[in-house]
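In the UniProt record's numbering, the protein residues as written are 1 to 141.
Put into structure tokens, the structure is as follows:
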């Protein structure tokens, strides 16, 4: 059961995919719903079948132990631009790969466009987690 009493999204094998050492939920709508239910930030990987730098990241950056560890603190979501072009247009993506981190409520916590090495991605994930923690703090009076 989700936090609002609505049944939680149950993920089956068709709804997830492994890229490097990271497990991704497939699709924008399902991924955002799971992040909201779990109250976790989302790491969204926007990719395309033809994107060679996307494949390079999957084989290098996403296999890095530090990146894989940080990714466990996110709901990782894979959005294929060929399958979900409307989402990519709405978010005004300028190229692939693009990684964007979102709060559970949909606030952007940072965006990276183009191939990212493990150190740069790990640093960006850490910064997104810090921004998320600040957003989650109750307002002090």
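Ideal Cβ placement from N, Cα and C applies to all residues, glycine included. Fair warning: this is a prediction, and the values are worked out from it, not measured in the lab.
For the stretch 23 to 48, the continuous beta strand (DSSP E) assignments of 3+ residues that do not extend past its boundaries occur at 42 to 47, in sequence order. For residue 126, the enclosing alpha helix (DSSP H) stretches over residues 118 to 136. Contact check between the stretch 73 to 80 and the stretch 35 to 47: three or more CB pairs, one atom from each, fall below 8 Å, which counts as touching. The C-beta distance from residue 61 to residue 121 rounds to 6 Å, short enough to fall under 8 Å. Using a Cβ distance threshold of 8 Å, residue 48 and residue 80 count as a contacting pair.
The stretch 122 to 133 makes contact with the stretch 96 to 104, as at least three CB pairs between them are under 8 Å.
Counted as a single uninterrupted DSSP element, the alpha helix (DSSP H) harbouring residue 54 occupies residues 52 to 59.
Distances from the CA of residue 57 to each of 85, 119 and 89 were compared; the closest alpha carbon is that of 119. Only residues of its own chain outside the window of five on either side were considered, and among them 20 have a CB closer than 7 Å to the CB of residue 59, listed in chain order. Every unbroken stretch of the beta strand (DSSP E) spanning 3 or more residues and falling wholly within the stretch 71 to 99 is given here in chain order: 75 to 80. In the three-state reduction of the DSSP assignment, residue 63 falls in the helix class.
Within the DSSP bridge table, the entry for residue 108 names 102 as partners.
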